[in-house]
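Whatever position you read off the sequence shown (first residue = 1), add 109 for our numbering.
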Amino acid sequence: MIFVILWVCVLAFGIMVKEKRSRRSADYDERQMAFQDRAYRHAFFAVMIFCACHFLLVSAAGPYLSDGSSSLIGIFLGVLVYGGECIWNNAYFPFRQKGRRIIWLWGMLTAVNLAVLIVRGIHRADWIRDGVLTLDQMTPLVMVIVFGGFLAVSLAKWFVSRKENAD
């Protein structure tokens, strides 16, 4: 029974991805799609470099992150590189769509995750368990870094474009 449920979920996900890819060409222009493809490559290489450095450090000094924490950092590093580069090159939002609401959303997500990080730090002081950083405490920290990075790139791009429009 579980196999059937998983199969249906994978099938539904595949259909959603196929539908989204068919709509992608209508929502984005060719320049945006080229920047997105370049950002995919840069994100992939950033994750590969992180994995190589992590492997070398673990081999030399022993584990310093839990398995979940290292996976989480690798995944969100790729997301941060891709999103930051797409935002900077105006390829993150569909053509003719403004990103002001998303800036507020990233600000709120950063603030909420920062509050969660602080509350968890006060009530649960188990950042390090058995000599490695734990996933429980790393999750909000990584989310603050990712959403804060998106917020910083968005604000920098907004200020630069505002100066260009004023000139």
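No residue lacks a Cβ here, since even glycine has one placed at the ideal position from N, Cα and C.
Bear in mind that the values here come from a model prediction, so they are computed numbers and not experimental data.
Is DSSP giving Arg238 helix, strand or coil here? If you number the sequence shown from 1, residue 238 lands on position 129. In the three-state reduction of the DSSP assignment, Arg238 falls in the strand class.
Under 8 Å by Cβ, that's how I've got Leu250 and Leu226 pegged, so tell me the actual separation to the nearest angstrom. Numbered from its first residue, the sequence shown carries residue 250 at position 141. Numbered from its first residue, the sequence shown carries residue 226 at position 117. The C-beta distance from Leu250 to Leu226 rounds to 6 Å, short enough to meet the 8 Å contact threshold.
Pick from Gln141, Ala224 and Ala169: whose alpha carbon is nearest that of Tyr191? Taking the first residue of the sequence shown as position 1, residue 191 is located at position 82. Taking only the C-alpha atoms, the option nearest Tyr191 is Gln141.
Alpha carbon to alpha carbon, what distance is there between His151 and Phe69? Nothing about residue 69 can be read from this structure; the chain reaches only from 110 to 276.
Are the CB atoms of Leu181 and Tyr173 nearer to each other than 9 Å? Within the sequence shown, the letter at position 72 stands for residue 181. Within the sequence shown, the letter at position 64 stands for residue 173. The answer is no: Cβ separation not under 9 Å.
Going by alpha carbons, who is nearest to Tyr149 out of Asn199, Cys195, Gly123 and Gly257? For the purposes of this step, residue 149 is taken as residue 40 along the sequence shown, with counting starting at 1. Comparing Cα-Cα distances from Tyr149 to each of Asn199, Cys195, Gly123 and Gly257, the minimum goes to Cys195.
Going straight from the alpha carbon of Trp197 to that of Val126, what length do you get? Locating residue 197 in the sequence shown gives position 88, where the first residue counts as 1. Locating residue 126 in the sequence shown gives position 17, where the first residue counts as 1. Rounded to whole angstroms, Trp197 to Val126 spans 25 Å at the Cα level.
Buried or exposed: where does Ala224 fall if 16 or more other Cβ atoms within 10 Å of its Cβ makes it buried? On the sequence shown, position 115 is the one that residue 224 refers to. Exposed: under 16 other Cβ atoms inside 10 Å.
Since His163 contacts Ser179 with CB under 8 Å, what's their CB separation in whole angstroms? Residue 163 sits at position 54 when you count from the first residue of the sequence shown. Residue 179 sits at position 70 when you count from the first residue of the sequence shown. The pair is a contact, with the Cβ atoms about 6 Å apart (cut-off 8 Å).
Between the alpha carbons of Asp138 and Arg147, how many angstroms are there, rounded? By one-based count along the sequence shown, residue 138 stands at place 29. By one-based count along the sequence shown, residue 147 stands at place 38. Each residue's alpha carbon lies about 15 Å from the other.
Please go through the same chain and pick out, in chain order, the residues whose beta-carbon is closer than 8 Å to the beta-carbon of Cys160, but skip the five residues on each side of it. Stepping through the sequence shown from its first residue, residue 160 is reached at position 51. Gly183, listed in sequence order.
Report the option in Gln246, Thr248 and Leu186 whose CA atom is closest to the CA atom of Ile158. The residue given as residue 158 occupies position 49 in the sequence shown. When C-alpha distances from Ile158 are compared across Gln246, Thr248 and Leu186, the shortest belongs to Leu186.
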